[in-house]
Amino acid sequence: MYSILDLEKVEEFRKKEKLQPFRIKQIYHNIFKNSIIDFDKMTDLPKDLRKKLKENFYIVSLEPTDILEWNETTKINFKNKKWHNFETVLMFHWSKIDKDGNIPKWYNKSLNRITICISSQIGCAVWCKFCVTWKLGFIDNLEYSEIIEQILWSNNYIKNKFWKKEDNTWFKIRNVVFMWMWEPFLNYDNVKKAIKFMKDQQFLSLSKRHITISTSWIVPWIKKMIKDNLDVMLAISLHSANAKTREEIMPITERYSLDELMKTLDEYVEKTKNRVFYEYIMIKDLTDTLDQAKYLANLLKNRYAHVNLISYNENPVVDYKTPPVENILKFKQYLEKHGVTVTTRDIMWRDIKWACGQLGYEKVKK
Numbered sequence: 009m010y011s012i013l014d015l016e017k018v019e020e021f022r023k024k025e026k027l028q029p030f031r032i033k034q035i036y037h038n039i040f041k042n043s044i045i046d047f048d049k050m051t052d053l054p055k056d057l058r059k060k061l062k063e064n065f066y067i068v069s070l071e072p073t074d075i076l077e078w079n080e081t082t083k084i085n086f087k088n089k090k091w092h093n094f095e096t097v098l099m100f101h102w103s104k105i106d107k108d109g110n111i112p113k114w115y116n117k118s119l120n121r122i123t124i125c126i127s128s129q130i131g132c133a134v135w136c137k138f139c140v141t142w143k144l145g146f147i148d149n150l151e152y153s154e155i156i157e158q159i160l161w162s163n164n165y166i167k168n169k170f171w172k173k174e175d176n177t178w179f180k181i182r183n184v185v186f187m188w189m190w191e192p193f194l195n196y197d198n199v200k201k202a203i204k205f206m207k208d209q210q211f212l213s214l215s216k217r218h219i220t221i222s223t224s225w226i227v228p229w230i231k232k233m234i235k236d237n238l239d240v241m242l243a244i245s246l247h248s249a250n251a252k253t254r255e256e257i258m259p260i261t262e263r264y265s266l267d268e269l270m271k272t273l274d275e276y277v278e279k280t281k282n283r284v285f286y287e288y289i290m291i292k293d294l295t296d297t298l299d300q301a302k303y304l305a306n307l308l309k310n311r312y313a314h315v316n317l318i319s320y321n322e323n324p325v326v327d328y329k330t331p332p333v334e335n336i337l338k339f340k341q342y343l344e345k346h347g348v349t350v351t352t353r354d355i356m357w358r359d360i361k362w363a364c365g366q367l368g369y370e371k372v373k374k
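What follows is the structure, encoded as C-alpha cells:
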C-alpha cells in the first residue's frame, strides 16, 4: 500500500481507474479541509471507489499508543510502521480560563488557536546537555508523510473534540512548530517536502508565518534553506552568546562559529524579511547571569531578532537547575533596556514532564 500523499502513485491510480481529476480533488478536500482520515467516511465518493482506495492507499499509518490529555494540551505517543515510538504535542490557546485552569463550556467562543509541536526524527543526535531527548540517542528519520500524518491525525482528533467554530468551520491546527523530537535540518529533504504540503493551497494551506523550524544552528543547512527558498519562520536554539558556555551545553556548536551563524542569519533576514527567533534556556548560575545578558545584547544589537527566554525545566536525569524568577526578570529587563525584543515563555507542563527538554523522560528514567 502507498501513502495517499504519494502524488505520483495517486496519479497512476487515477489513470488506471480512469477517474476524472475532480475525484482526486474531492479526496484531498475530505482529508485536508474536512479532517477525514477514513476513506469509508468520504460519503461523497462512490462506494466502489472508496473500496479501491482502501485497497491501495492509507491516509494515516501512525498508530497512537498513548494519548495524555490536559486542559491546555494533549500529548500523543505514536508508533510508526517500523515499530518506533515518538511524540507529538498539541497546545490549545484559550482566551478564557478560570483560576483553577478549567476551560469554558463553549469552546467555539474561547479557543483562539491551536499549535502542534511535531517531530521530524525519532530520538536526537545533537546532544544538547540540558535536554533529555538526546539521551535516547538517534533512532531514525521520519518520512515526509509521517510528518504530515501527525497533523492529519491531530486535525481529526481536534474535529471530534471541539467540533466547529462560530463561523461554522472546523477547528484546526493553525501553527506548526518543528520543535519536538528533532533536529529538523538533519532530516532536511523530508522536512522540505512536508513543508510543501503545509503551504500548498490544495492541502493544509498554512501561511509561512505559521510554520516554524527550530534548529540547533547547523549552518550549512540554514544556507541550503536560503538557497532553496524554503520561506518559513526560523527559531535558533542559541542558549548563550558566549562561545565557552555555548560549547559546554551544546557541543555541536564547536563545529560552527557564532560569527558564521550570525552572518548566515543576516542573509536569511535579508532574503526573506523574516524576523529570527532566538530560543534561550535560562539555567541557574550558567546562562542566567548579567554577563550572559550583556553578551546576548551585544550580539543582537541592530538585528531583526526576538528572544524567547525559557526557564529551565528540571529533570532528575540532568544536573542543571531552574533559576530564581528574579534572575529571569533582571535578564529580561537588561535586554529590553538595550533595545532587544524579548518575551518569557509561560511555564507549562513542567511537573508532568511534558515541557521543552523533557521529552523521552519516561523512557530515559526507565
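When we follow our numbering, the leftmost residue of the sequence shown carries the number 9, and every step to the right adds one.
For each residue, glycine too, the CB sits at the ideal point set by N, CA and C.
When the five nearest sequence neighbours on each side are left out, the beta carbons in the same chain lying within less than 7 Å of the beta carbon of residue 21 are those of 64, in order along the chain.
Counting C-beta pairs closer than 8 Å gives fewer than three between the region 196 to 211 and the region 252 to 263, which falls short of the contact rule. Here residue 10 is bridged, per DSSP, to 65. The Cβ-Cβ distance between residue 70 and residue 158 falls below 8 Å. Counting only residues of its own chain and dropping the five nearest sequence neighbours on each side, residue 352 has a CB closer than 7 Å to the CB of 317, 336, 340. DSSP links residue 320 through a beta bridge to no other residue. When secondary structure is reduced to three states using DSSP, residue 85 falls in the strand class. Here residue 167 carries a helix assignment [DSSP, helix/strand/coil].
Contact between residue 67 and residue 45 holds: their C-beta atoms lie close to 5 Å from each other, under 8 Å. Per DSSP, residue 249 is not a residue of any alpha helix (DSSP H), being assigned neither H nor E.
Boundaries of the alpha helix (DSSP H) around residue 335: 333 to 345. In the structure shown, the three-state DSSP call for residue 238 is coil. Around residue 314, the same chain offers 283, 285, 349 as residues with beta carbons nearer than 6 Å, after the five sequence neighbours per side are excluded.
Nearest neighbour of residue 208 by Cα position, chosen from 235, 239, 193, 186, turns out to be 239.
Within the DSSP secondary-structure output, residue 172 pairs in a beta bridge with 178. Judged by DSSP in its simplified three-state form, residue 37 adopts helix.
Nearest to residue 28 by alpha-carbon distance, out of 138, 54, 131, is 54. In the structure shown, residue 126 adopts extended strand secondary structure according to DSSP, grouped into three states. Within the same chain, Cβ atoms closer than 7 Å to the Cβ of residue 13 are found at 153, 156, 205, the five residues on either side in sequence being excluded. Contact between residue 229 and residue 186 fails: their C-beta atoms lie close to 12 Å from each other, not under 8 Å. Note on residue 38: 16 or more other CB atoms within 10 angstroms of its CB, so buried under the neighbour-count rule. Residue 40 and residue 309 have their C-alpha atoms roughly 42 Å apart. The continuous beta strand (DSSP E) containing residue 146 extends over residues 146 to 149. Fully contained in the region 179 to 237 are the following alpha helix (DSSP H) runs of length 4 or more, in chain order: 196 to 207, 227 to 235.
Annotated as proximal: residue 100 and residue 80, with beta-carbon spacing under 8 Å. With a cutoff of 8 Å on beta-carbon distance, residue 220 and residue 241 are scored as near each other. By the Cβ-count criterion, residue 141 is buried, with 16 or more other Cβ atoms from all chains shown falling within 10 Å of its own Cβ.
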